[in-house]
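Working notes, beginning with the structure itself.
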Amino acid sequence: MNAVIQSPNSPSRNSQRVVLIALLLVAMAFATLTDGNWQWNGTPARVVLALLGTAAFAALWKLTTLPVTHDDTTPASAPTPPDDLRGASELPVFFASQTGTAETLARQTAEQLSRAGQAARARSLEDLGREEFETLRRALFIVSTTDEGDPPYPIAGFVRRVLEASADLSQLQFGLLALGDSYYDTFCGFGRRLDGWLIAQGATPVFARIDVDDNDPKALAVWQERMAEWAGASLSAPSAASAFHLWRLCARKELNPGSLGEPVFRIDLQPMEGTVPNWRAGDIAEILPRHAETVVNAWLATTQLDGNTRLPNDDQCLRERLSRSELPAVDQVRGQTALQVAQTLVALRHRDYSIASLPADGRIELVIRQGRRPDGSVSLGAGWLTQHASADDVIELRLRSNSNFRAPADSTPLILIGNGTGLAGLRALLRERVAQGRLRNWLIFGERQRARDFYYGDELEAALAKGQLAHMDLAFSRDTPDRFYVQHCLDANAERLREWVNAGAWICVCGSQEGMAGAVDASLCRHLGDATVQSLIETGRYRRDVY
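Each residue of the sequence shown is one higher than the last, beginning at 12 in this note's numbering.
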């Protein structure tokens, strides 16, 4: 998916021609205002001067109204910022991040600009107030969108204090990178909202907003080009995170055989290098999937291309490259050679998974549901890890910090709420708390059937018996005729909920965005009040990792 650039309008060539003709007519009229000829050999002097004046006006008009030309995949060139805007002061790079990607990109951008000689610093939008906003002359914004076009939870205070009011930003020049996923109708919804608000307050975009679909590298390259223009120096290419590393699939176990739902697997991964890296509970594992061998072979058979063709400047053959790439439609590659096809392949995007384990375990544990497409085939990402990859296969993985989904750093009470595979993130938070001796924890978890879908059930029952969990409330929807869900656990324990929140408890929610997350939010508002829930969000006591 290409970057989506919202390009400003520029004068048309027809309008330029009209103005030039008008200038010429005015100049000819001036030539008749003086009686007699000026003393000049040849053409009457007044006519020559009039024509020269017309030419000068035409040249000036042409220089100031050159149209921006570009196609739908190449954005318009950004205007060069005035000299006093380049390097005059520290450039703030504000971020609004839900799962850490926008924050990572903001810190990378600030570091790149600083290395190029433009002092810059990454900051959360939550730290920006209206008074400071109105003093800024330039700023960059990297923002993500959550839920149905909503701003990330960690900047709820900024939205209420600043974005829902007005400000005088007529002195501000800005650039904006919006992160999103075109799978959703509200693609880059918050980025679009912020961009429109900034312009409505008088701010001027230094370049057109860049919308990024699922960390599209082409769109990020456009951002890199704009930063280079801003800094007046060459910058290294940006990326959403560090390089992928090689891990080994060391174990795979189905956790819910016989379930009414899709199979759920525990996936164990160990680093090939032998050294387990550090991560925190709440962090994300990004994994590059591959197509099943049968899928690639079927595509090769249909296109009649030789999958064993070696690719130049690469140790891969076409078959290996295809396994890691979006498979083109057969009609798109008809008549092309294997090498021509290889040059146009687009790499598969990574998939995100909550980590269920801690570094002390010596491995990464994932809990993955084997989702299926409408045609009944297993989905690409889950299919690779739960079905197609073999024992000891190499898995390409990188870790992403998710500072917005953390447990409190002290003995503050913690309420853990989730459903399905969301238990992975909750388990990591709980185990981190237990290791730190912080035992005031309350788990609310829901699935279909207790006998089939209670992942890590023995471990959680033991934690409750040992006092590592103060309370555990379970909602297995298919075990009762009235379909009891996690929000009903909150309803049934409303008094305890208020007591814990009044005692300073944090709330962490992990699991499905559709259904569960919204229902939990509504239940919290019912029993705590909208103002209290808003306060919990703004103070970082209500955190979510939903998908």
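For each residue, glycine too, the CB sits at the ideal point set by N, CA and C. From a predicted model like this one, the values you see are computed outputs, not experimental measurements.
- Taking a contact to require three or more Cβ pairs closer than 8 Å, the region 106-113 and the region 177-184 do not qualify as touching.
- With 16 or more neighbouring CB atoms inside 10 Å of its own CB, residue 463 falls in the buried class.
- Nearest in C-alpha terms to residue 499, of all of 399, 232, 532, is 532.
- Between residue 276 and residue 397, the alpha-carbon positions lie close to 6 Å from each other.
- Sequence-distant Cβ neighbours of residue 328 in its own chain, meaning closer than 7 Å and more than five residues away, are 318, 319, 320, 321, 322.
- Judged by beta-carbon spacing, residue 292 lies within the 9 Å limit of residue 439, meaning their Cβ atoms are closer than that value.
- Residues 103, 105 of the same chain have their beta carbon placed closer than 6 Å to that of residue 134, with the five preceding and five following residues left out of the count.
- Here residue 524 is not near residue 497, since their CB atoms are 9 Å or more apart.
- Put simply, of 405, 467, 448 the residue whose alpha carbon is nearest the alpha carbon of residue 280 is 405.
- Classified as exposed, residue 478 has fewer than 16 neighbouring CB atoms from the shown chains inside 10 Å of its CB.
- Per the coordinates, the alpha-carbon of residue 272 lies some 16 Å from the alpha-carbon of residue 526.
- Each residue's CA atom was taken as its position, placing residue 316 and residue 386 some 26 Å apart.
- Around the Cβ of residue 393, a 10 Å sphere holds 16 or more other Cβ atoms; the residue is buried.
- Remark: C-beta atoms of residue 486 and residue 411 do not approach each other more closely than 9 Å.
- If you ignore the 5 residues before and after residue 399, its C-beta comes within less than 6 Å of the C-beta of 303, all in its own chain and listed in chain order.
- In the three-state DSSP reduction, residue 280 falls in the strand class (E or B).
- DSSP, reduced to helix, strand and coil, places residue 477 outside both helices and strands of the structure shown, so it counts as coil.
- Residue 336 and residue 379 have their alpha carbons spaced roughly 22 Å apart.
- Under DSSP, no beta-bridge partner is assigned to residue 206.
- Contact annotation: residue 365 and residue 433 have beta-carbon atoms nearer than 9 Å.
- If only complete runs of 4 or more residues are kept, the region 426-474 shows the alpha helix (DSSP H) at 434-446, 461-464, in order along the chain.
- Per DSSP, the beta-bridge partners of residue 364 are 296.
- In this structure, the beta-carbon distance from residue 242 to residue 124 falls below 9 Å.
- By the CB criterion at 9 Å, residue 314 and residue 357 fall outside the cutoff.
- In this structure, the beta-carbon distance from residue 301 to residue 395 falls below 9 Å.
- Counted as a single uninterrupted DSSP element, the stretch harbouring residue 518 is not any alpha helix (DSSP H) but the beta strand (DSSP E) occupying residues 517-522.
- Taking residue 254 as the centre and dropping the five residues before and after it, the same chain places the C-beta of 409 closer than 7 Å to its C-beta, in chain order.
- For residue 534, the enclosing alpha helix (DSSP H) has its first and last residue at 529-539.
- One alpha carbon belongs to residue 237, the other to residue 282, and they sit about 37 Å apart.
- DSSP places residue 323 outside any beta strand (DSSP E), giving it a letter other than H or E.
- Here residue 155 is buried: its Cβ has 16 or more other Cβ atoms, across all protein chains shown, within 10 Å.
- Per DSSP, reduced to three states, the secondary structure at residue 237 is helical.
- Assignment of beta strand (DSSP E) within the region 379-413, counting only whole runs of 3 or more residues, yields 405-411 in chain order.
- A Cβ-Cβ contact shorter than 9 Å links residue 373 with residue 287.
- Here residue 483 has 454, 471, 475 as same chain residues with Cβ atoms under 7 Å from its own Cβ, once five neighbours each way along the sequence are excluded.
- Residue burial is scored here from C-beta neighbours: residue 269 has fewer than 16 other C-beta atoms within 10 angstroms and is therefore classed as exposed.
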